[in-house]
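J.:
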Amino acid sequence: MAESATQQTAVQTTIEHAGPSRKKIQLTVPAAVVDRRYRETFDRAAKQIRLPGFRPGHVPRSVVEKRFGDSLRKELVEHVVNSAIDEALRANEFVPLGQIELDLQDKLPERGADYSFSFMLDLRPRPVVENYVGLAVEPPPIEIAPEEIEEQLGQLCQQAAFPEKIEDESEGLPESGTFKARVVFHCDGASVHEVEEVHLAAAHPIKGCDELAYKNALAGAKPGQSVKVDITYQEGFPIESAVGKQGAVELHLKETFRTIVPTPEQLAERVNLQDVESVRAEITRQLELMKAQMRDQEVDRQILEHLLRHADFELPEKLLQEEVKGRVEKAEKELLEQGVDEQAAKEQVAQQLPATEQAAREYWTALFLKESIARQERIGVSEKEIRRELEQIALRNRSSLDEVQTYYRENNLLGVLQHDLRDRKVRQFLREKATASGANAPSGASSGA
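Using my numbering, read the sequence shown as starting at 67 and increasing by one per residue.
Spelled out as structure tokens, the structure:
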């Protein structure tokens, strides 16, 4: 049954419910409108068409219609249909989600007759969200144990390690050392690929080599020596004909290096800090920032869980189907890249299908809820904020602002960036308006007893 009466516009509109957030719209364009568009289209064509025997711009409409009628009526369809759809969407304040599904039934407009057609569209849900201010949350505490600081300090020292050339000819390559070598790859009894010089680590085998065999072959090796290790050529090897085959890789060592791990005192000097305590203070600051971010993520999760639990609107089925399809294809691709058999990958993904469907539903429900909160609270994103974010992206990637702007513009990513910024602002707004128990409130949130 029709949902609404015929709209009081030039175009007659009938709207029917066709599923969750989905409408079927029947439009009838009055003959008077069709005739006006008809005249405009053919008169414009008559002025532009050049035919032998007629002065430019003076080709009779009857001649134009006879020679070009079908093609011009197809052009007319675009004008009539697009104008009617725009009018109907504006009049009903509909915001389409995805592409409109048009059904013209291969009919072309004719003079003196109404023109009817229909289309289906999914509507962008615009739920009214209530009771999202003052939500009770339980942020996790920010606690940093001395052991965490020392662990981070040790990792920083490891990351700052550097190679030192071994000059003593009697000293072999240590397990943690590195080396420069000429590398020759063999397959089917012949050399198939060679790299003149590459810097490798004794602890990290070449892709396709057994780790233990690789380490044993290199243990104690010295410059001038050669070692050979069996290899199974993997995807990505430059010689495609060798992929999947067994072979051997020959390493001709040129130079060997021991790995020097700086002490905490040396690390402090290298990073231009006064002493080790200053390094520990910086580590503490970074850990606090990281844990504050983790706390905010947990608060976001609690708030979102509440919003999802109380959400009361339907999502377009087509939207969910496309989201699930995309997630399934991505999961299968990732498993295949990990070396999982195609059939096994499909079975694994199929087992996870209910969870995938639930994740897809929650993703879009959360997105539309946050969009509605942004609309209700008038949370927007200014050009200045977008520019500031682009500047930060340029800084992180050591690029110029112009390069980043061009990249985002050419790849149509500015809309995505704007959405992400608005989403971030909505999450911050909800955190600030939440009521946190205890003394672990996220920044800006009120604390309840």
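We treat Cβ as the ideally placed atom computed from N, Cα and C, and that holds for glycine.
Just so it is clear, the structure is predicted and the values come from calculations on it, not from any experiment.
Might you give, ordered along the chain, the residues of its own chain that have their beta carbon closer than 8 Å to the beta carbon of residue 334, omitting 5 neighbours on each side?
T.: Walking along the sequence shown from the start, residue 334 turns up at place 268. Within the same chain, residue 334 has close Cβ partners 340, 341, 342, 344 and 345.
J.: Can you check which of these residues, 474, 480 and 447, is closest to residue 489 by C-alpha distance?
T.: Locating residue 489 in the sequence shown gives position 423, counting from the first residue. Of 474, 480 and 447, the residue nearest in Cα terms is 447.
J.: Sorted by chain position, which residues of the same chain lie with C-beta nearer than 8 Å to residue 393's C-beta, five sequence neighbours on each side aside?
T.: Counted from its first residue, the sequence shown places residue 393 at position 327. Excluding residues within five positions, the ones whose Cβ falls inside 8 Å are 422, 425 and 426.
J.: Are residue 193 and residue 438 touching if we call contact CB-CB under 8 Å?
T.: Reading the sequence shown from its first residue, position 127 is the one you call residue 193. Reading the sequence shown from its first residue, position 372 is the one you call residue 438. Contact flag set, yes.
J.: Grab the span of the beta strand (DSSP E) containing residue 297 for me, first residue to last.
T.: What you label residue 297 is simply residue 231 of the sequence shown in a count that begins at 1. Taken as a continuous stretch (DSSP letters only), the beta strand (DSSP E) holding residue 297 covers 292-298.
J.: Among 85, 348, 321 and 364, which one has its Cα closest to the Cα of residue 219?
T.: Reading the sequence shown from its first residue, position 153 is the one you call residue 219. Of 85, 348, 321 and 364, the residue nearest in Cα terms is 348.
J.: Please name the residue in 322, 79, 89 and 146 whose C-alpha comes closest to that of residue 99.
T.: Position 33 of the sequence shown, counted from the start, is the residue given in the question as residue 99. For residue 99, the nearest C-alpha among the options comes from 146.
J.: Identify the residues that DSSP records as bridge partners of residue 173: which are they?
T.: Sequence index remark: in the sequence shown, residue 173 carries index 107 (1-based). Answer is none; residue 173 lacks a bridge partner.
J.: Could you give the distance in angstroms between the alpha-carbon of residue 515 and the alpha-carbon of residue 496?
T.: For the purposes of this step, residue 515 is taken as the residue at position 449 of the sequence shown. For the purposes of this step, residue 496 is taken as the residue at position 430 of the sequence shown. Low confidence applies here, because residue 515 scores a pLDDT of 40, under 50, leaving its location unreliable and the question unanswered by this model.
J.: Alpha carbons only, please: which of 90, 171, 109 and 199 is nearest the one belonging to residue 369?
T.: The residue you call residue 369 lines up with position 303 of the sequence shown. Out of 90, 171, 109 and 199, 199 has the C-alpha closest to the C-alpha of residue 369.
J.: Taking a contact to mean a Cβ-Cβ separation below 8 Å, would you say residue 313 touches residue 251 in this structure?
T.: Against the sequence shown, residue 313 aligns to sequence position 247. Against the sequence shown, residue 251 aligns to sequence position 185. Taking 8 Å as the Cβ cut-off, residue 313 and residue 251 qualify as a contacting pair.
J.: Does the segment 291-302 come within contact of the segment 271-279, defined as at least 3 CB pairs closer than 8 Å?
T.: Yes, since at least three Cβ pairs between the segment 291-302 and the segment 271-279 fall closer than 8 Å, the two stretches touch.
J.: What are the start and end residues of the alpha helix (DSSP H) that includes residue 372?
T.: The residue given as residue 372 occupies position 306 in the sequence shown. Run containing residue 372: 342-375, per the alpha helix (DSSP H) assignment.
J.: Helix, strand or coil, according to DSSP, for residue 496 in the structure here?
T.: Position 430 of the sequence shown holds residue 496. Helix, per DSSP.
J.: Going by beta carbon distance, what residues of the same chain come within less than 6 Å of residue 432, once the five residues before and after it are set aside?
T.: Locating residue 432 in the sequence shown gives position 366, counting from the first residue. Result list for residue 432: 370, in chain order.
J.: Just verifying my parser: in three-state terms, what is the DSSP assignment at residue 248?
T.: Working through the sequence shown from its first residue, we reach residue 248 at position 182. The answer is strand: DSSP assigns residue 248 an E or B state.
J.: Between which two residues does the beta strand (DSSP E) containing residue 181 stretch?
T.: Counted from its first residue, the sequence shown places residue 181 at position 115. Start and end: 181-188.
J.: Measure the Cβ-Cβ separation of residue 329 and residue 243 and say whether it is below 8 Å.
T.: Residue 329 sits at position 263 when you count from the first residue of the sequence shown. Residue 243 sits at position 177 when you count from the first residue of the sequence shown. It is not a contact, given that the beta carbons lie outside the stated cut-off.
J.: Determine the closest residue to residue 168 out of 388, 151 and 230, with distance taken between C-alpha atoms.
T.: Your numbering for residue 168 matches position 102 in the sequence shown. When only C-alpha atoms are compared, the closest one is 151.
J.: Going by DSSP, which residues form a beta bridge with residue 93?
T.: Translated into positions along the sequence shown, residue 93 becomes position 27. The partner list for residue 93 (beta bridge, DSSP) reads 79 and 183.
J.: So, helix, strand or coil for residue 479, using DSSP?
T.: Residue 479 sits at position 413 when you count from the first residue of the sequence shown. Residue 479: coil per DSSP, three-state reduction.
J.: Could you please give the first and the last residue of the uninterrupted beta strand (DSSP E) stretch that includes residue 326?
T.: Position 260 of the sequence shown holds residue 326. Per DSSP, residue 326 belongs to the beta strand (DSSP E) from 312-326.
J.: Applying the criterion that 16 or more other CB atoms from any shown protein chain within 10 Å of the CB defines a buried residue, is residue 429 buried or exposed?
T.: Residue 429 sits at position 363 when you count from the first residue of the sequence shown. Exposed.
J.: Report the three-state DSSP secondary structure of residue 275 (helix, strand or coil).
T.: In the sequence shown, residue 275 corresponds to position 209, counting from 1. Residue 275 falls in the coil class under three-state DSSP.
J.: Quick check on DSSP: helix, strand or coil for residue 258?
T.: The residue you call residue 258 lines up with position 192 of the sequence shown. Residue 258: strand per DSSP, three-state reduction.
J.: Specify whether the segment 315-324 and the segment 228-246 touch according to this definition: at least 3 beta carbon pairs, one from each stretch, less than 8 Å apart.
T.: At 8 Å Cβ cutoff, the stretches touch.
J.: Out of 195, 154 and 164, which has the shortest C-alpha to C-alpha gap to residue 376?
T.: What you label residue 376 is simply residue 310 of the sequence shown in a count that begins at 1. Selected option, being the one with the closest Cα: 195.
J.: Look up residue 168 in the DSSP assignment and give the residues it is bridged to.
T.: If you number the sequence shown from 1, residue 168 lands on position 102. DSSP output for residue 168 lists 185 as bridge partner(s).
J.: Of all the options 417, 254 and 197, which has the alpha carbon lying nearest to the alpha carbon of residue 442?
T.: As a working mapping, residue 442 is identified with position 376 in the sequence shown. If we check each option's Cα against that of residue 442, 197 comes out closest.
J.: Please return the same chain residues whose Cβ sits closer than 7 Å to the Cβ of residue 74, not counting the five positions on each side in sequence.
T.: Counted from its first residue, the sequence shown places residue 74 at position 8. Per-residue confidence for residue 74 stands at a pLDDT of 39, beneath the threshold of 50, marking its modelled position as unreliable; no derived number is given.
J.: Tell me which same chain residues have a C-beta within less than 8 Å of the C-beta of residue 269, skipping the five on either side of it?
T.: What you label residue 269 is simply residue 203 of the sequence shown in a count that begins at 1. For residue 269, where only same-chain residues beyond five positions count, the Cβ hits under 8 Å are 241, 242 and 281.
J.: Closest to residue 95 by C-alpha separation, out of 148, 110 and 278, would be which residue?
T.: Here residue 95 refers to the residue found at position 29 of the sequence shown. Here the closest residue by C-alpha is 148.
J.: Alpha carbon to alpha carbon, what distance is there between residue 386 and residue 84?
T.: Position 18 of the sequence shown, counted from the start, is the residue given in the question as residue 84. Position 320 of the sequence shown, counted from the start, is the residue given in the question as residue 386. Answer to the nearest angstrom: the Cα atoms are 16 Å apart.
J.: Pull up the distance between the alpha-carbon of residue 367 and that of residue 359, whole angstroms please.
T.: As a working note, residue 367 is residue 301 in the sequence shown. As a working note, residue 359 is residue 293 in the sequence shown. Going by the C-alpha atoms only, they are around 12 Å apart.
J.: Cβ atoms of residue 201 and residue 500: under 8 Å apart, would you say?
T.: Residue 500 sits at position 434 when you count from the first residue of the sequence shown. Residue 201 sits at position 135 when you count from the first residue of the sequence shown. Taking 8 Å as the Cβ cut-off, residue 500 and residue 201 qualify as a contacting pair.
J.: Give the DSSP-derived three-state secondary structure of residue 228 in the structure shown.
T.: Counted from its first residue, the sequence shown places residue 228 at position 162. If DSSP states are grouped into helix, strand and coil, residue 228 belongs with the strands.
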